[in-house]
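Accompanying notes for the structure given below.
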């Protein structure tokens, strides 16, 4: 069965060979879920009396989303910002409180939480109404004075959703337009040909290439297979689009549309000629593919994994090389932190004893599929030189201060680079009522979605027939609140990243029966030579005020097979193949709308169990968390395909029917999915933490990052102590989160082992001894990267932080490269980057991204050093690397690299950028909101913390 939108009839094929119990579970799950989809909704479409809304949080729900609710600015406001430094109303009023928590958390109490968070109660209190808009008779949009958050209340379902779309237009029109063009692979044509824009669309479009017909089929699929809820979801989506278009027209006619449309040449500032293209429901599918691509996918990268395995086998031989590679791969590291820690296991994707159908490439045969063709103008120049030619337009004098604001692109080129499983973000801390001061559960949770201006997420409250929620939604797909609170419950998510993407090696063929080559464009599908489908996207641009890139164009091209998109070509056992990437959510980008609809429906979610059932309808790979006055709960969502017996999901597999996903049907890319009971899930564990760490024992990691040291340890250690002590409050749990947010993972978790090796004998070099003492003092003080006081812009241990930042990449290389050899070291560092410090250029916004310490070699270093020290290690690496196992030689390698690091000046460690001068350590770490439009914001103290965050404690229940 498909759990994505369960069918009314079940698949006939068994999902396992032993299968009776699993088939019964699957069938039972289908019946329960299908009944939920087909049952009448508690909604109304005609004008009704508003349903009374109850708020059981009693003032104990809080949230925050910097920089501010208002993400729109007219041309006049953009100019005033550039020339005078002014901000549009509510553009940055949540930035200060968010920033202040880093210095204010040590003295935090429940009573002072609102100094750092907003009151997230339903409605707007009397006397706090900032504005009221009535785009239709059946809906009002009320904004509060303090933050300008839209509170949308409708007397009809259509009116409620129309109001949501209208408010989205008010707050995020330009952003929504920008991201629908990213989703359609048309960024350069829309925003300009800057090199970063070219890079971004070339990274994203091959992951989710669709024709307009493909997008419409996804809408039709939800309508035809989703029962009453599917029909309602698409009606809600259309109402949302109608509201968005209504604001589009009014703002254009009233000349208060976002100024970026003028700066990118869409509308003439004098005559108002030009157009903001109408939105349509298929844009929602394109937008959903962007959100899923950033935060909800998992797996992939099997070709690169195969190449790194082959390097290990070349170095050590097949048996030993495989053992070494598997130890770095860490599919189920016994030392890694897990969200479910009560001993329950959830086996998924485990390595088979003898894998079937593996399709390892022949040595040196792999080539990446060409994407870009027919470059002209500045696109051709960029391909030759790596730089783009500029041809600035003659701008009116009043617009000259804004000229070239998009010359570096609207977004980083590498926003979608790397396998989808390496896009994880967000964290969650929940404590059962058994361990809190009130006896009610406490939760502090939220998504880390990067820092943009305006933010990708948008705050809103929705109250209407069948809908009652407040929180955030991704702009453009905000028919429902996606993360937030209901009347007596709250929910949030972290990216899970489990493997829902596989790589197939499809045999190439020639239709006429000739000998195929790696360049052949037909393939064998179930014995028939089948032509690949060619998808194309041609983009052209010319210079504008915003982007001075000279005119140019190119054509992007991908080949699509029934096994997914062609990514590489190679030979396997001497025969040409195309490697394809098949994601279970491809062609189903918006199916999760059903689950979100349920989460917003107060008649559906009434307790932890019904929350879990709602989350089961979310296709993307997320960890979902829930809290009400009685329970906390967890559920891992995602369309986890049931793979053929003994197929290894971590490596490429033959594109043959015997190795397909069970019940695979390429028509709509459907297959048998693992039943809900096999997804990691739990109710009322003593506490839960998640920071994109491993979900549970047995649940195979989709990438190399889930090892012995993970940033989840920063949360788990603190929450475990709080829970054991008891009396947990909202303030104390928030303090635990924030202390972890300003702590250097390497300094807290790995530095003790590094120092133990170094201190195993006296340090004789005075300069190195001084560096060691500075590191020791920093470690004793908590290894923080935090200001000495609010506004000081300096760390208490700046030299130790500088030394660690300089030392880490040097020590990793000194520890591992000699033993692994240059080729294998390069292959493994390609699988998992060595470091991810706050000052490095990484994350969805590039540098200054906030989110840090998710991907790095800290677990490898920790295991290896404990092995050298003779300490217990579970799941050792396949060899001992530091000093080849000699404590003396290991110590020498560490001391030599430390001496080099300690001598590096701050100007070299922190070389400076557009936001910071060279050597400014604090500034190098700061969070800077990446401007997607004409409004920018000041940098703030680094915090490794959710972008949107809730602090909740419900005292009562319906």
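Numbering (this note's numbering), first residue to last: 811 to 1768.
The C-beta atom is built at its ideal place from N, Cα and C for all residues, glycine as well.
Computed from a predicted structure; not experimentally measured.
Coil, strand or helix - residue i by DSSP
i	result
residue 1471	coil
residue 1344	strand
residue 1265	coil
residue 1740	strand
residue 929	strand
residue 1103	helix
residue 1582	helix
residue 1063	helix
residue 1028	helix
residue 1513	coil
residue 1151	coil
residue 1444	strand
residue 1748	coil
residue 1478	coil
residue 1271	strand
residue 1052	helix
residue 1010	helix
residue 961	strand
residue 1209	helix
Residue i to residue j span [Cα, whole Å]
i	j	result
residue 1207	residue 1540	53 Å
residue 1755	residue 1465	42 Å
residue 987	residue 1588	47 Å
residue 965	residue 1505	41 Å
residue 1559	residue 1604	23 Å
residue 1299	residue 1358	50 Å
residue 1390	residue 1085	39 Å
residue 1757	residue 1698	45 Å
residue 1039	residue 1485	21 Å
residue 776	residue 1114	Outside the shown range of the chain, which is 811 to 1768, sits residue 776, and nothing can be said about it.
residue 769	residue 1627	No information on residue 769 is available, as it lies outside the stretch 811 to 1768 that the chain covers here.
residue 907	residue 927	7 Å
residue 1003	residue 1388	31 Å
residue 1523	residue 1332	49 Å
Residue environment, residue i, which counts as buried when at least 16 other CB atoms sit within 10 Å
i	result
residue 1721	exposed
residue 1016	buried
residue 1585	buried
residue 1139	buried
residue 1425	buried
residue 1395	buried
residue 925	exposed
residue 893	exposed
residue 1323	exposed
residue 1753	buried
residue 1171	buried
residue 1059	exposed
residue 1183	exposed
residue 1346	exposed
residue 1011	buried
residue 1419	exposed
residue 1007	buried
residue 1583	exposed
residue 1336	exposed
residue 1070	buried
residue 1595	buried
residue 1677	buried
residue 1577	exposed
Could you name each continuous alpha helix (DSSP H) segment of 4 residues or more that falls completely within the stretch 1357 to 1416, going from the start of the chain to the end?
Entirely contained in the stretch 1357 to 1416, the alpha helix (DSSP H) runs reaching 4 residues are, in chain order, 1403 to 1410.
Any beta strand (DSSP E) of 3 or more consecutive residues that is wholly inside the stretch 1277 to 1351
Listed in chain order, the beta strand (DSSP E) runs fully inside the stretch 1277 to 1351 are 1277 to 1284, 1293 to 1295, 1299 to 1305, 1311 to 1319, 1332 to 1335, 1338 to 1341, 1343 to 1351, counting runs of at least 3 residues.
Could you tell me which uninterrupted beta strand (DSSP E) segments, each at least 3 residues in length, are contained entirely in the stretch 862 to 917, listed from first to last along the chain?
871 to 874
Does the structure place the stretch 1103 to 1113 close enough to the stretch 1302 to 1310 that three or more beta carbon pairs sit under 8 Å?
yes
At what residue ranges does the stretch 1579 to 1643 contain a whole run of the alpha helix (DSSP H), taking only runs of 4 or more?
1608 to 1630, 1632 to 1641
Enumerated in chain order, which unbroken segments of the beta strand (DSSP E) with a length of 3 residues or greater are wholly contained in the stretch 1120 to 1177?
Runs of beta strand (DSSP E) with 3 or more residues, each lying fully within the stretch 1120 to 1177, are found at 1155 to 1158, listed in chain order.
The stretch 887 to 907 in contact with the stretch 1460 to 1480 per 3-pair CB rule at 8 Å
With contact defined as three or more Cβ pairs closer than 8 Å, the stretch 887 to 907 and the stretch 1460 to 1480 are not in contact.
Give a yes or no on contact between the stretch 1210 to 1223 and the stretch 1453 to 1464, applying the rule of three or more CB pairs nearer than 8 Å.
no
Would the stretch 872 to 886 count as touching the stretch 896 to 905 if we require 3 or more Cβ pairs under 8 Å?
yes
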